[in-house]
Amino acid sequence: MGQPMIGLLCAHVREKRDQYFVYTTYIEAVVKAGGIPILIPYQPKEQVFRILAGLDGIMLPGGNDVDPNRYGEYPTVQCGDIDPHWDELDLWAAGFALERNLPILAICRGCQVLNVALGGTLIQDIPSQIEGPLKHRQEAPKWYATHDISVQAASLLGRIWGTDPKRVNSYHHQAIAKVGHGLRIVASAPDGIIEAVESTDHRFVLGVQWHPELMVEHYPVAGRIFQHFIQAAAKS
Ligand SMILES: [Mn+2]
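Per my numbering, the sequence shown starts with residue 14, numbered consecutively.
Spelled out as structure tokens, the structure:
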């Protein structure tokens with residue numbers, strides 16, 4: 014069994030930066046866990062599928078807001094930047110991986126994309142839509158864990174992360190509202206915000222709302238997410 018090849022979907026904000034990119038922290042976390050990262054930029058769908066057909070798992074990284082039109086809503090005034098091509102790329106990849114039962118690790122925006130790919134909806138802006146929210150867009154250092162999550166014991170995440178209250182970092186103003194088909198909530202913040210979901214129908218489909226790739230240097234538990242993901246991909 015060789016090292017698994019992991020597709021990382023490139024960010025793309027055409028209006029702001031004329032580039033496709035994946036932050037180094039995601040790439041380094043995959044490499045450190047024993048995976049081979051393959052960066053995938055926007056291009057015609059058949060070509061994206063052809064690349065994905067040779068891979069063992071995909072990672073959906075963090076980033077912009079998903080276009081609310083993708084889940085049947087118009088953008089509210091608090092909705093942030095959206096990029097239609099980036100949404101297309103991520104949703105194509107998520108759909109492909111779900112159909113082929115390829116392991117998916119979905120982080121922050123990725124977790125939201127995964128939910129939308131399965132017919133779920135999003136809270137477009139936590140501070141204006143939720144009563145008494147915590148600060149989910151922290152201004153502490155990026156690696157620093159600021160709010161607790163409670164994790165379901167009998168779950169993939171429970172086995173990886175443990176169920177003792179463990180803090181996570183938080184860089185999101187959106188979150189899952191209606192949970193997508195075949196997903197279940199496996200972690201929540203004290204204010205009720207959904208912090209992780211996983212598929213009940215797949216080998217390894219995990220979405221986390223925090224950023225474990227930014228925590229790995231300081232919190233060993235964060236690295237376990239990548240190790241388990243890479244182990245699952247190695248069996249593809
Ligand atoms: Mn949070």
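Using N, Cα and C, we set each Cβ at its ideal position, and we do this for glycine too.
This structure is a prediction, so every number in the text was calculated from the model and none was measured.
Less than 7 Å between C-beta atoms, sequence neighbours within five positions excluded: which residues of the same chain meet that for ILE173? Counted from its first residue, the sequence shown places residue 173 at position 160. Excluding positions up to five away in sequence, the list reads ARG237, ILE238 and HIS241.
Reference LYS176; option with closest CA among VAL164, LEU102, HIS186 and HIS185: The residue given as residue 176 occupies position 163 in the sequence shown. Position check: residue 176 holds Thr in this sequence, whereas Lys was assumed. Checked all of VAL164, LEU102, HIS186 and HIS185; the closest Cα to THR176 is VAL164.
Tell me whether ARG197 sits in a helix, a strand or coil according to DSSP, three-state version. Locating residue 197 in the sequence shown gives position 184, where the first residue counts as 1. Of the three classes helix, strand and coil, the one that applies to ARG197 here is strand, per DSSP.
Host beta strand (DSSP E) of GLY67 (start-end): Residue mapping note: residue 67 aligns to position 54 of the sequence shown, counting from 1. No beta strand (DSSP E) holds GLY67; DSSP gives it neither H nor E.
Could you check if ALA12 belongs to the surroundings of ligand 1, using beta carbon to heavy atom distance under 7 Å? This structure does not reach residue 12, given that the chain is present from 14 up to 249, and the question cannot be answered.
Taking only three categories from DSSP, how would you classify ALA158? Counted from its first residue, the sequence shown places residue 158 at position 145. Correct three-state label for ALA158: coil.
Can you list, in chain order, the residues of its chain with a C-beta nearer than 7 Å to that of PRO50? Leave out the 5 residues immediately preceding and following it. Translated into the one-based positions of the sequence shown, residue 50 becomes position 37. For PRO50, where only same-chain residues beyond five positions count, the Cβ hits under 7 Å are ILE19, LEU21, ILE40, VAL43 and VAL44.
Helix, strand or coil for TYR55, going by three-state DSSP, please let me know. What you label residue 55 is simply residue 42 of the sequence shown in a count that begins at 1. Three-state DSSP puts TYR55 in coil, outside helix and strand.
Grouping DSSP H, G and I as helix and E and B as strand, with all else coil, what is GLU152? Counting from one through the sequence shown, the residue named residue 152 turns up at place 139. It is coil, neither helix nor strand.
Could you check if ILE206 belongs to the surroundings of ligand 1, using beta carbon to heavy atom distance under 7 Å? Position 193 of the sequence shown, counted from the first residue, corresponds to residue 206. Yes, ligand 1 has a heavy atom inside 7 Å of this Cβ.
Heavy atoms of ligand 1 versus C-beta positions, residues under 5 Å: HIS149 and SER183
Could you spell out where the alpha helix (DSSP H) holding SER141 opens and where it closes? As a working note, residue 141 is residue 128 in the sequence shown. That run of the alpha helix (DSSP H) goes 139-142.
Any idea if PRO154 is buried or exposed, counting beta-carbon neighbours within 10 angstroms, 16 or more meaning buried? Counting from 1 along the sequence shown, the entry for residue 154 is found at position 141. So PRO154 ends up on the exposed side.
Give the range of the beta strand (DSSP E) segment to which ALA119 is assigned. By 1-based counting over the sequence shown, the position of residue 119 is 106. 117-120 is the extent of the beta strand (DSSP E) around ALA119.
Applying the criterion that 16 or more other CB atoms from any shown protein chain within 10 Å of the CB defines a buried residue, is PRO88 buried or exposed? Along the sequence shown, one-based indexing puts residue 88 at 75. Exposed, since its Cβ has fewer than 16 Cβ neighbours within 10 Å.
Is the segment 215-231 touching the segment 183-193, taking contact as three or more C-beta pairs under 8 Å? yes
Please say whether TRP99 and VAL61 have beta carbons closer to each other than 8 Å? Here residue 61 is taken as the residue at index 48 of the sequence shown, counted from 1. Here residue 99 is taken as the residue at index 86 of the sequence shown, counted from 1. Their beta carbons are not under 8 Å apart, which means VAL61 does not touch TRP99 by this criterion.
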